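Please read the structure below before turning to the comments.
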Amino acid sequence: MRFRQLRYFCKIVECKSFTRAAATIHIAQPALSQQIAELEAVMGVELLHRSARGVRATEAGEALYREATALLRHLDRIPALIRSSSGVVEGIVSLGYAPGFGMRLMTHFLAVCKEALPKVTLQLIAGDNPGLRDRVEAQTLDLALIFETELQLPPVTRRPLYRQRLYYIGPAHDAQPSGSLSLEQLAEKPLLLTTTSTVTRMVVNHAFSSAGLSPNVVAEINDSPSLLAAVRAGLGGTILAVGDLAAIGAGDLPPPVLIEPPLNVTCTIVANSDVPLTAAGEAVRKLLPPMVKRGVQALDLPGATWIDPE
2 MRFRQLRYFC KIVECKSFTR AAATIHIAQP ALSQQIAELE AVMGVELLHR SARGVRATEA
62 GEALYREATA LLRHLDRIPA LIRSSSGVVE GIVSLGYAPG FGMRLMTHFL AVCKEALPKV
122 TLQLIAGDNP GLRDRVEAQT LDLALIFETE LQLPPVTRRP LYRQRLYYIG PAHDAQPSGS
182 LSLEQLAEKP LLLTTTSTVT RMVVNHAFSS AGLSPNVVAE INDSPSLLAA VRAGLGGTIL
242 AVGDLAAIGA GDLPPPVLIE PPLNVTCTIV ANSDVPLTAA GEAVRKLLPP MVKRGVQALD
302 LPGATWIDPE
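For the sequence shown, our numbering assigns the number 2 to the initial residue and increments by one for each residue that follows.
As structure tokens, then:
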């Protein structure tokens, strides 16, 4: 088994096609197929399922993909690790960020990182909270800036930064109270919520269940633009960790309304608990808290309470 074969295999899995993978890595397709055949012979199992609709990993292939991506990441880090030992921090650091942070904050962090760590290349990857956390656990991401809930804390290294309250956002025809909404009042409204796997939905479901209530969910939508479009169409209201609708391009909707008792999610930096970060990764992790704090203060985010002691 060669590292080259593992790289080829991972690229095929990611491209879902031998043809696209061959074009991406600049190798003839017959040669690529031969390399994978040799890899399958070494492993003694079929790694890829080929069909008219493309290529997908078998169960054994999925296991190899997880291990191979982690191994190749470590291999690619070796040159930077050696150079960093001389005192100059360098390398590539992948940082995931969830909806709610926005590119304004992340672009600012790029500028901060470039000035403080000129030889560190930062890779920014947007994604949903559970998906980013899973990628950190699978070692395909170094760090992630996500929202979590204390109801479910998988085994990763985490540093909570600030607590963000949830708000009710209703359609234009919905009579908006001047203060806040109780869970009893929310239970009477048609709600457009994210699916049960999301952090916000977990908090909402737990709050309603603890109060002996059931939310009136008329639809589940995970795509934020589509969710807000459904609110605009008057199909119902939604619950989000956003107190400033203008920041997400939804300033035309009625002002967000606080929920009482408070419902919160927590902004957290997560990293893999089994594999230590590189010097570059640690340097980026140290830059994140003060940068996020300045961003929270500068944007004056409604419903945000800083909790990190440092």
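The beta carbon of each residue, even a glycine, is placed where N, CA and C say it ideally should be.
It should be emphasised that the depicted structure is a prediction, and the values quoted were computed from it without experimental measurement.
Scanning LEU162, THR279, LEU278 and ARG295 for the CA closest to the CA of THR150 turns up LEU162.
Two segments are said to touch when three or more pairs of C-beta atoms, one from each, lie closer than 8 Å; by this definition the segment 129-147 does not touch the segment 240-255. Taking a C-beta distance under 8 Å as the contact criterion, PRO172 and GLY250 do not qualify as a contact pair. MET107 is positioned such that its CB atom lies closer than 8 Å to that of LEU125. Scanning the segment 190-243 for uninterrupted alpha helix (DSSP H) segments of 4 residues or longer gives 200-211 and 225-233, listed from N- to C-terminal end.
LEU194 is the residue among LEU194, SER198, CYS268 and LEU144 whose C-alpha sits nearest the C-alpha of ILE222. A distance below 6 Å between beta-carbons, with the five flanking residues on each side excluded, links VAL46 to the following residues of its chain, in chain order: ALA61.
When secondary structure is reduced to three states using DSSP, PHE148 falls in the strand class. If you draw a 10 Å sphere on the C-beta of ARG202, you find 16 or more other C-beta atoms in it, and that means buried. When rounded, the separation of the alpha-carbon atoms in THR279 and PRO255 is 46 Å. SER34 carries a helical assignment under DSSP once its states are collapsed to helix, strand and coil. Considering only ALA23, LEU73, ILE26 and SER18, the residue with the shortest C-alpha distance to HIS50 is SER18.
One Cα belongs to THR239, the other to SER225, and the distance between them is close to 10 Å.
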